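Notes for the one structure printed next.
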Amino acid sequence: MKRLDSMRAPTASSALQSRGDEAIRIRGLHDLGRRGADRTGNRVPGIATPAADLDYEVDDGLLRIRIDGPLDLRCAFSLLLIGQTVDDSIDACTLDLTGVDRIFDSGIAALVLVARALKEKGVEQIRIYGLDLDSATLKPFLM
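First residue of the sequence shown? That's 1 in the UniProt record's numbering, and the numbers climb one at a time after it.
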């Protein structure tokens, strides 16, 4: 999997046509605490709440997006970037939320924004699945 360059994102379909079924991955901040020492020799502190990892791939006109981690404001920027890369070869999208462990209101807003962006680009079907509302880890975050 590749890391998506946030400033030079290829279109979703062209990025994968050149490498077959290889997906593009937007990495969260999970590895930030493992960077080692800074210039002074001190350990670099980790972030308390790492951002979610987002993977996406295109297969035969279907854009698949998978989110692993918290669904929050930090996902919004990555989701909107993915939405901007969509071209007319993509007519359906699935959002896999099975890896989401926490939901915040900003994450719900991010889903709405990416759905609007995809609709504007001509994506006719958007399916969101995999969210377990009875999960013990999600209950404190739901009202």
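The beta-carbon is built from N, C-alpha and C at its ideal position, and this holds for glycine as well.
Please read all numbers here as calculations on a predicted model, not as lab measurements.
Coarse secondary structure for residue i, derived from DSSP in three states
{"i": "Gly-61", "result": "coil"}
{"i": "Asp-105", "result": "helix"}
{"i": "Thr-49", "result": "coil"}
{"i": "Gly-83", "result": "helix"}
{"i": "Leu-131", "result": "coil"}
Between the CA atoms of residue j and residue i - distance to the nearest angstrom
{"i": "Ile-128", "j": "Asp-55", "result": "15 Å"}
{"i": "Cys-93", "j": "Arg-102", "result": "22 Å"}
{"i": "Lys-119", "j": "Pro-50", "result": "30 Å"}
{"i": "Arg-64", "j": "Ile-90", "result": "10 Å"}
{"i": "Val-86", "j": "Asp-134", "result": "33 Å"}
{"i": "Asp-53", "j": "Leu-113", "result": "18 Å"}
{"i": "Ile-69", "j": "Phe-104", "result": "Looking at the sequence shown, residue 69 is not Ile but Gly. Distance between the alpha carbons of Gly-69 and Phe-104 is about 11 Å."}
{"i": "Arg-74", "j": "Asp-132", "result": "21 Å"}
{"i": "Leu-97", "j": "Asp-72", "result": "12 Å"}
{"i": "Gly-61", "j": "Ala-117", "result": "17 Å"}
{"i": "Ala-115", "j": "Ser-78", "result": "13 Å"}
{"i": "Gly-122", "j": "Gln-84", "result": "12 Å"}
{"i": "Glu-124", "j": "Gly-99", "result": "25 Å"}
{"i": "Ile-82", "j": "Arg-66", "result": "12 Å"}
{"i": "Pro-111", "j": "Ala-76", "result": "The sequence given here places Leu at residue 111; Pro does not occur at that position. Rounded to the nearest angstrom, the two C-alpha atoms are 8 Å apart."}
{"i": "Leu-80", "j": "Ala-109", "result": "11 Å"}
Per DSSP, cross-strand counterpart(s) of residue i
{"i": "Gly-99", "result": "Asp-68"}
{"i": "Gln-125", "result": "Ala-92"}
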